[in-house]
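In this note's numbering, the protein residues as written are 3 to 240. All C-beta atoms, glycine included, are put in the ideal place defined by N, C-alpha and C.
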């Protein structure tokens, strides 16, 4: 999509960065959703997640799926160009997030159509704020495109030999364990919230429960990736 001029992973991370603070705190991150927070904390947080992706998740995930795509950082010039590309991609990703939030939220982020976004529409007999339907709908519409991009990338860079069965077993065990601990984290959060309280603000509590799940999932997956890199040093897993 970027014709190899910008790292797509950094672009994706940048588009999520204003919301990533929720993985670390329950406080509202207003600064991350304002233009004055473009460089700090957004760019800083985005660079941190890029380091985690390129040094931890990417090597492991690519081994799991049998993908071979060398970044070719074999010289200072290539590394410097790649680093600058990451910064530009992060800034573009964050900027698109802020712009889209301004078009689909009815709060301090809104910069146009606030009265229109504040309307209530009825769907299947239930009232919903229009801005929340736009948030959820636009996210759902992006999924087929992301799926197509992922399949196209995999077909282009997949290795020509089968993934070793030991790697497959490790991958399935890690994904299963991460999901189970993520579900436990969600359950441990949700069990303290009365049914009536949950339904009083379903949007908020659903978002918080997703964050709780992701905290448990990512913590387990990260530790598993570290273990895999240790076991697979010099590709000992096959």
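Per DSSP, what are the beta-bridge partners of residue i in this structure?
i: residue 43; result: Note: residue 43 sits in no beta bridge, so no partner.
Check this for me: beta carbons of residue i and residue j, under 9 Å apart or not?
i: residue 99; j: residue 17; result: yes
i: residue 1; j: residue 95; result: Not covered by the structure: residue 1. The range shown for the chain is 3 to 240.
i: residue 73; j: residue 84; result: yes
i: residue 131; j: residue 120; result: yes
i: residue 211; j: residue 186; result: no
i: residue 156; j: residue 69; result: yes
i: residue 184; j: residue 147; result: no
i: residue 180; j: residue 150; result: no
i: residue 192; j: residue 207; result: yes
i: residue 9; j: residue 87; result: yes
i: residue 170; j: residue 66; result: yes
i: residue 59; j: residue 221; result: no
i: residue 226; j: residue 145; result: no
i: residue 140; j: residue 178; result: no
i: residue 168; j: residue 239; result: yes
Would you please state the rounded distance, in angstroms, between the beta carbons of residue i and residue j? I believe it to be under 8 Å.
i: residue 182; j: residue 62; result: Incorrect: roughly 19 Å between the Cβ atoms, too far for contact.
i: residue 25; j: residue 217; result: 6 Å
i: residue 33; j: residue 43; result: 7 Å
i: residue 97; j: residue 55; result: About 20 Å; that fails the 8 Å criterion.
i: residue 135; j: residue 123; result: 7 Å
Quick check on DSSP: helix, strand or coil for residue i?
i: residue 107; result: coil
i: residue 162; result: coil
i: residue 71; result: coil
i: residue 61; result: helix
i: residue 138; result: helix
i: residue 19; result: helix
i: residue 27; result: coil
i: residue 196; result: coil
i: residue 77; result: coil
i: residue 98; result: helix
i: residue 8; result: coil
i: residue 149; result: helix
i: residue 216; result: helix
i: residue 117; result: helix
i: residue 36; result: coil
At what residues does the alpha helix (DSSP H) containing residue i begin and finish?
i: residue 130; result: Run containing residue 130: none in the alpha helix (DSSP H); it sits in the beta strand (DSSP E), 128 to 131.
i: residue 189; result: 167 to 192
i: residue 239; result: No alpha helix (DSSP H) contains residue 239, which DSSP labels as neither H nor E.
i: residue 235; result: Where residue 235 is concerned, there is no enclosing alpha helix (DSSP H), given that its DSSP letter is neither H nor E.
Could you give the residue range of the beta strand (DSSP E) that holds residue i?
i: residue 122; result: 122 to 125
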